[in-house]
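Colleague: The structure is given below, and queries will be raised subsequently.
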Amino acid sequence: MQFPSPVAITWIADLINATVIGNKNGQATGINEIHRVENGDLVFVDHPKYYQKCIQSAASFIIINTDKVVVPDGKALLVVENPFEAYLAIVAHFRPFQPAFRSIAESAKIGEGSYIAPNVFIGHQVEIGKNCRIHPNVTILDHCIIGDDVIIQSGTVIGSDAFYYNGKKDREVWYKKMESCGRVIIEDQVEIGAGCTIDRGVSHDTRIGKGTKLDNMVHIGHDTIIGKNCLFAAQVGIAGATTIEDGVILWGQVGVSKTLTIGKNAIVLAQSGVGGDLEAGKVYFGSPAEDASTKKRELVWIKRIPEIWKKLNA
Amino acid sequence: MQFPSPVAITWIADLINATVIGNKNGQATGINEIHRVENGDLVFVDHPKYYQKCIQSAASFIIINTDKVVVPDGKALLVVENPFEAYLAIVAHFRPFQPAFRSIAESAKIGEGSYIAPNVFIGHQVEIGKNCRIHPNVTILDHCIIGDDVIIQSGTVIGSDAFYYNGKKDREVWYKKMESCGRVIIEDQVEIGAGCTIDRGVSHDTRIGKGTKLDNMVHIGHDTIIGKNCLFAAQVGIAGATTIEDGVILWGQVGVSKTLTIGKNAIVLAQSGVGGDLEAGKVYFGSPAEDASTKKRELVWIKRIPEIWKKLNA
Amino acid sequence: MQFPSPVAITWIADLINATVIGNKNGQATGINEIHRVENGDLVFVDHPKYYQKCIQSAASFIIINTDKVVVPDGKALLVVENPFEAYLAIVAHFRPFQPAFRSIAESAKIGEGSYIAPNVFIGHQVEIGKNCRIHPNVTILDHCIIGDDVIIQSGTVIGSDAFYYNGKKDREVWYKKMESCGRVIIEDQVEIGAGCTIDRGVSHDTRIGKGTKLDNMVHIGHDTIIGKNCLFAAQVGIAGATTIEDGVILWGQVGVSKTLTIGKNAIVLAQSGVGGDLEAGKVYFGSPAEDASTKKRELVWIKRIPEIWKKLNA
């Protein structure tokens, strides 16, 4: 989440009751998650395992629960007892929950020639471009940005909250909701089928690139970035903070895990499960997915086991 | 389904035109399905294969199409020609279909601090606790009970009818709808993602335990009981009358079959298919699901078949 | 799509700026897609690979981008530079996009005894039979036909656009939408669960046969024809232009590819992936799906590989 304008880091420290170590004169431009972080961003970390990754990342300001780490030049630590609560306080300040009282928010901007069907919900500060078709019973939640010539079919939800929790098993309720402050950005000429769900980013944005087409019941997780001219068939599911490059084709019911990358023009055959990075330009199959021709040869080899058994016993 | 108050079994017998054999003085407290049946309940059975299971169950009153079975002490048989039609008559009496004429039923109770977004449907006798967020285009159907601090995201349906039919292939239309009279009960601090569907019980309740979190497009079948502090990732589907104990994690696109049990804190990896009971505390993978490390070793063994072939031919 | 009445082929030629070769006196009764084409239909083809298939099909009139092919007796070619654009022009003329201004279109016909819940959208020229139950937040789009005694549960979308594109990689946006002009036809006593999506045909109709029952989150692709008395469990997905014959059972999360046929009374076990035709009356399992008992034996053989290895090394 970008702040509306840069904010003095000392002001943030006051808000979350933090001690600043290092550069006290900085201005934070936003808060972001570690996989998408940029210069000027705040990031938060509460587990020693990830301390160095966050400190060495592009982030300028690290909300952290220790003062026993070295601060790189120009950066600052914001030391608090509970970085997760500090994160929630920042989100609550800059993106407070705003109840809606009408189906189309007054603050929503809708471009010329765009058709908004009956029974559509459009939240606060949503922007929709020109010549879009938003079909009945679509939900577009606060702050989402839709380009020109976009089609969104019925029942689809844009901007649902991330499935992202702070988990601790020493309390009655193990999982605490990480409030989402990111957006969904949908570029021009994207088409989204019926019954899809596209989660907003936790603190970055979820983005769907120009000309990409999604079939029905496709799920896209938080902070995931999808390139241009991709095709995803029905019931594909993609977890959070993953990157899908341009021209990728995912066939029906493919599942893709979190924080990985699928390279340009890769094709993943139906029902495959992608658990790690995939190289560009190749065809994949299986759960876990691997090179499709390797996988298909493997299926042939399996059929030969009885023959092997017979031969061995002969 | 519990009746509003206990009902004389002779009154039920009149309603469904049954002959009572055994204890004629009993009071039925409700009607239930065989996997969830309790003392005082009516149950129905129309196939000899299941006669004894029903008669020996906790149920006190058995609607049945035979008088050639022995009635245990204190129990009663309600003998009818067609137990399925008798069941429908009881449901039609105690839970008649009530059309809705407005988006939020007058009889719905909504707790203090709960936010109901525009375009939400809330049915008759629904109860929603305090400080809930019910997002746009959510549907909560009749008689469902939602606890405190529950979040339900857009497009989700709570209380759809069970997928449960009486099947006979000697008629033009094979499958006859078993009307659902159960409820969905969602406990405190549960969060349900966008585009989920949670079926009501056929005659018991579907229940989601405290603090459990569901990602988008999760399907939960009728009469299924889910424990506390579970995490289900996107596109998980769970069939009817299954029991998932506390702390279970199901990753994306996992499918779980009906009337089975997954033990406490079990973890099922993405795209697995669970067809039988799973022991507590272990990690599972594959379709059919088995111990994850066994399954992963198996995948390695498969890759060795060409080497085995070569060795054998050498 | 059938035209409201037969149209002189010369009139069509004027509309799309085509040169007619062959029978100039014909009357086109509609436009259709190659898998479902009938006598009197227009069909279009723009790739030499499919020229002969289209010319030799049941179609009477072929919109094509060549004049170097032989026209069979009685048929006509409509030669244009870009058949895809010609198709779009015909659809735009006979099925122009009609914005909706109210939740239930004035032109919709709703039969006696049918219940339409609040928050339902019903489009132009929709016809709904008698004694149906259309639950809250259902979307039924233009021109769809629903029979008698049909139940459609909440969140379901009937008549979403086909996922069908004209793809060319030499332009900025690779995929151009093929506008759908087909309908969805749902026969009597069909029940459709919550959160399903049923795409209209591209130019034929999508059809669900009498007495078929769909669980929640089932996706049915464009131009797919489903027989009578089928049962599809939750999260099943079926691609376009496929044929499922009477009495077929698909268990949970089964995926079915496009333009294939599943024979009468076949049963496909959960999570299977159907990539080719399946014979009637058998049970199938696996991804890719094969005879279930063969597949299950295979799973047993795989478990013997370590034993084979040991034996080989002994």
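The listed protein sequences derive, respectively, from chains W, G and D. Going by this note's numbering, the first residue of the first sequence is number 52, and it counts up by one from there. Going by this note's numbering, the first residue of the second sequence is number 52, and it counts up by one from there. Going by this note's numbering, the first residue of the third sequence is number 52, and it counts up by one from there. The beta-carbon is built from N, C-alpha and C at its ideal position, and this holds for glycine as well. None of the values given here were measured: they were computed from a predicted structure.
#1: Between which two residues does the alpha helix (DSSP H) containing Asn364 of chain G stretch?
#2: Look up Gly103 of chain G in the DSSP assignment and say whether it is helix, strand or coil.
#3: Return yes when the Cβ of Ile271 of chain D is within less than 8 angstroms of the Cβ of Gly260 of chain D, no when it is not.
#4: Please classify Arg348 of chain G: is it buried, with 16 or more other beta-carbons within 10 angstroms of its beta-carbon, or exposed?
#5: Taking only beta-carbon positions, decide if Leu282 of chain W is within less than 8 angstroms of chain D.
#6: Pull up the DSSP beta-bridge partners for Ile353 of chain W, would you.
#7: Quick one: list the residues of chain G neighbouring Tyr368 of chain D, beta-carbon separation under 7 angstroms, in chain order.
#8: Could you check which residue in D:Cys183, D:Tyr138, D:Lys315 and D:Phe214 has the C-alpha nearest to that of Gln204 of chain D?
#9: So which of D:Gly252, D:Glu238 and D:Thr70 has the shortest CA-CA distance to Lys279 of chain D?
#10: Kindly indicate the opening and closing residues of the alpha helix (DSSP H) around Pro134 of chain W.
#11: Give the single residue among W:Thr61, W:Gln103 and W:Lys315 whose Cα lies nearest to the Cα of Val299 of chain W.
#12: If you draw a straight line from the C-alpha of Asp274 of chain D to the C-alpha of Trp62 of chain G, how long is it?
#13: Helix or strand or just coil, what does DSSP make of Thr294 of chain W?
#14: Quick one: give me the first and last residue of the alpha helix (DSSP H) that Asp65 of chain W is part of.
#15: What is the C-beta distance between Gly73 of chain D and Leu139 of chain D, in whole angstroms, given that I count them as a contact (C-beta under 8 angstroms)?
#16: Let me check one thing: in DSSP terms, what residues is Ala285 of chain D bridge-paired to?
#17: Kindly list the residues whose CB is nearer than 7 angstroms to the CB of Ser323 of chain W, restricted to its own chain and excluding five residues on each side of it in sequence; keep chain order.
#18: Taking the beta strand (DSSP E) that Asn116 of chain G belongs to, which residues open and close that run?
#19: Round the Cβ separation of Gly246 of chain G and Gly246 of chain D to the nearest angstrom and send it over; I've been treating them as touching at under 8 angstroms.
#20: Which term fits Asn170 of chain D, buried or exposed, when burial requires 16 or more other beta carbons within 10 angstroms of its beta carbon?
#21: Return the CA-CA distance between Tyr226 of chain W and Ser344 of chain W, expressed in angstroms with no decimal places.
#22: Return yes when the Cβ of Glu89 of chain D is within less than 8 angstroms of the Cβ of Val253 of chain D, no when it is not.
#23: Nearest-angstrom Cα distance between Ala292 of chain G and Lys309 of chain G?
#24: Just tell me which of G:Ile155, G:His144, G:Ala151 and G:Asp250 has its CA closest to the CA of Ile67 of chain G.
#25: Can you give me, in chain order, the residues of the region 183–215 of chain G that have a beta carbon less than 7 angstroms from any beta carbon in chain A?
#26: Determine which residues share a DSSP beta bridge with Tyr215 of chain W and list them.
#27: Could you tell me which residues DSSP pairs with Ala317 of chain D in its beta bridges?
#28: Could you tell me the distance, in whole angstroms, from the CA atom of Thr70 of chain G to the CA atom of Ala64 of chain G?
#29: Roughly how many whole angstroms lie between the Cα atoms of Lys354 of chain W and Lys346 of chain D?
#30: From the DSSP secondary-structure annotation, give me the bridge partner or partners of Lys347 of chain W.
#31: Which chain W residues are close to Ile356 of chain G, counting only those with a beta carbon under 9 angstroms from its beta carbon?
#32: Compile a chain-ordered list of the residues in the region 259–280 of chain G whose CB is closer than 9 angstroms to at least one CB of chain W.
#33: Drop a sphere of 10 angstroms on the beta-carbon of Phe218 of chain W, count the other beta-carbons inside from all chains shown, and report buried for 16 or more, exposed for fewer.
#34: Helix, strand or coil, according to DSSP, for Thr312 of chain W in the structure here?
#35: Between the Cα of His186 of chain G and the Cα atoms of W:Phe148, W:Gln103 and W:Leu282, which residue gives the shortest distance?
#36: Could you tell me which residues DSSP puts in a beta bridge with Gly81 of chain W?
Modeller: On the basis of the data shown:
#1: Walking along the second sequence from the start, residue 364 of chain G turns up at place 313. Counting along the chain, the alpha helix (DSSP H) containing Asn364 of chain G begins and ends at Ile356 to Asn364.
#2: Position 52 of the second sequence, counted from the start, is the residue given in the question as residue 103 of chain G. In the sequence under discussion, the amino acid at residue 103 of chain G is Gln, which differs from the Gly named in the question. The answer is helix: DSSP assigns Gln103 of chain G an H, G or I state.
#3: Position 209 of the third sequence, counted from the start, is the residue given in the question as residue 260 of chain D. Position 220 of the third sequence, counted from the start, is the residue given in the question as residue 271 of chain D. In this structure, Ile271 of chain D does not lie closer than 8 angstroms to Gly260 of chain D by Cβ.
#4: Counted from its first residue, the second sequence places residue 348 of chain G at position 297. Label assigned to Arg348 of chain G: exposed.
#5: Position 231 of the first sequence, counted from the first residue, corresponds to residue 282 of chain W. Chain D contact via Cβ: present.
#6: For the purposes of this step, residue 353 of chain W is taken as the residue at position 302 of the first sequence. Answer by DSSP bridge pairing: none, since Ile353 of chain W is not bridged.
#7: Examination of residue 368 of chain D is not possible in this model, given that chain D is present from 52 through 365 alone.
#8: The count along the third sequence starts at 1 and reaches residue 204 of chain D at position 153. Comparing Cα-Cα distances from Gln204 of chain D to each of D:Cys183, D:Tyr138, D:Lys315 and D:Phe214, the minimum goes to D:Cys183.
#9: In the third sequence, counting from the first residue as 1, residue 279 of chain D sits at position 228. The candidate whose alpha carbon is nearest that of Lys279 of chain D is D:Glu238.
#10: Translated into positions along the first sequence, residue 134 of chain W becomes position 83. Run containing Pro134 of chain W: Pro134 to Phe145, per the alpha helix (DSSP H) assignment.
#11: Residue mapping note: residue 299 of chain W aligns to position 248 of the first sequence, counting from 1. Checked all of W:Thr61, W:Gln103 and W:Lys315; the closest Cα to Val299 of chain W is W:Lys315.
#12: Taking the first residue of the third sequence as 1, we reach residue 274 of chain D at position 223. Taking the first residue of the second sequence as 1, we reach residue 62 of chain G at position 11. Roughly 52 angstroms between the two C-alpha positions.
#13: Counted from its first residue, the first sequence places residue 294 of chain W at position 243. In the structure shown, Thr294 of chain W sits in a strand (DSSP, three-state: E or B).
#14: Counted from its first residue, the first sequence places residue 65 of chain W at position 14. It spans Ile60 to Ile67 - the alpha helix (DSSP H) in which Asp65 of chain W sits, taken as one unbroken run.
#15: Working through the third sequence from its first residue, we reach residue 73 of chain D at position 22. Working through the third sequence from its first residue, we reach residue 139 of chain D at position 88. The Cβ separation is near 23 angstroms, so there is no contact.
#16: Numbered from 1 along the third sequence, position 234 holds the residue referred to as residue 285 of chain D. In DSSP, Ala285 of chain D forms no bridge with anything.
#17: Against the first sequence, residue 323 of chain W aligns to sequence position 272. Excluding sequence neighbours, Ser323 of chain W sits near Val305, Tyr335, Phe336, Gly337, Ser338 and Ala340.
#18: As a first step, residue 116 of chain G is located in the second sequence; it is residue number 65 there, counting from the start. Where Asn116 of chain G is concerned, there is no enclosing beta strand (DSSP E), given that its DSSP letter is neither H nor E.
#19: For this step, residue 246 of chain G is matched to residue 195 along the second sequence. For this step, residue 246 of chain D is matched to residue 195 along the third sequence. Indeed they touch by this definition, with Cβ atoms about 6 angstroms apart.
#20: Along the third sequence, read from residue 1 onward, the residue named residue 170 of chain D stands at position 119. Per the 10 Å Cβ criterion, buried.
#21: Counted from its first residue, the first sequence places residue 226 of chain W at position 175. Counted from its first residue, the first sequence places residue 344 of chain W at position 293. Computed Cα separation, rounded: 42 angstroms.
#22: By one-based count along the third sequence, residue 253 of chain D stands at place 202. By one-based count along the third sequence, residue 89 of chain D stands at place 38. Result no, Cβ atoms of Val253 of chain D and Glu89 of chain D do not sit closer than 8 angstroms.
#23: Along the second sequence, read from residue 1 onward, the residue named residue 292 of chain G stands at position 241. Along the second sequence, read from residue 1 onward, the residue named residue 309 of chain G stands at position 258. So the alpha carbons of these two residues sit roughly 6 angstroms apart.
#24: Sequence index remark: in the second sequence, residue 67 of chain G carries index 16 (1-based). Here the closest residue by C-alpha is G:His144.
#25: Chain labels in this structure do not include chain A; the protein chains are W, G and D.
#26: One-based indexing of the first sequence puts residue 215 of chain W at position 164. Bridge partners of Tyr215 of chain W: none, in fact.
#27: Counting from one through the third sequence, the residue named residue 317 of chain D turns up at place 266. Per DSSP, none; premise fails for Ala317 of chain D.
#28: Within the second sequence, the letter at position 19 stands for residue 70 of chain G. Within the second sequence, the letter at position 13 stands for residue 64 of chain G. The alpha-carbon atoms of Thr70 of chain G and Ala64 of chain G are separated by roughly 7 angstroms.
#29: Locating residue 354 of chain W in the first sequence gives position 303, counting from the first residue. Locating residue 346 of chain D in the third sequence gives position 295, counting from the first residue. So the alpha carbons of these two residues sit roughly 10 angstroms apart.
#30: Within the first sequence, the letter at position 296 stands for residue 347 of chain W. Lys347 of chain W pairs with nothing; no bridge assigned.
#31: The count along the second sequence starts at 1 and reaches residue 356 of chain G at position 305. Those within 9 angstroms of Ile356 of chain G in chain W are Glu349, Trp352, Ile353, Arg355, Ile356 and Ile359.
#32: Lys261, Gly262, Thr263, Lys264, Leu265, Asp266, Asn267, Met268, Lys279 and Asn280
#33: As a first step, residue 218 of chain W must be located in the first sequence, where it is residue number 167. Note that residue 218 of chain W is Gly in the sequence shown here, rather than Phe. By the neighbour-count rule (16 or more Cβ atoms within 10 Å), Gly218 of chain W is not buried but exposed.
#34: What you label residue 312 of chain W is simply residue 261 of the first sequence in a count that begins at 1. Looking at Thr312 of chain W - three-state DSSP - the assignment turns out to be strand.
#35: For this step, residue 186 of chain G is matched to residue 135 along the second sequence. Taking only the C-alpha atoms, the option nearest His186 of chain G is W:Phe148.
#36: Numbered from 1 along the first sequence, position 30 holds the residue referred to as residue 81 of chain W. According to DSSP, Gly81 of chain W bridges with W:Gln53 and W:Asp92.
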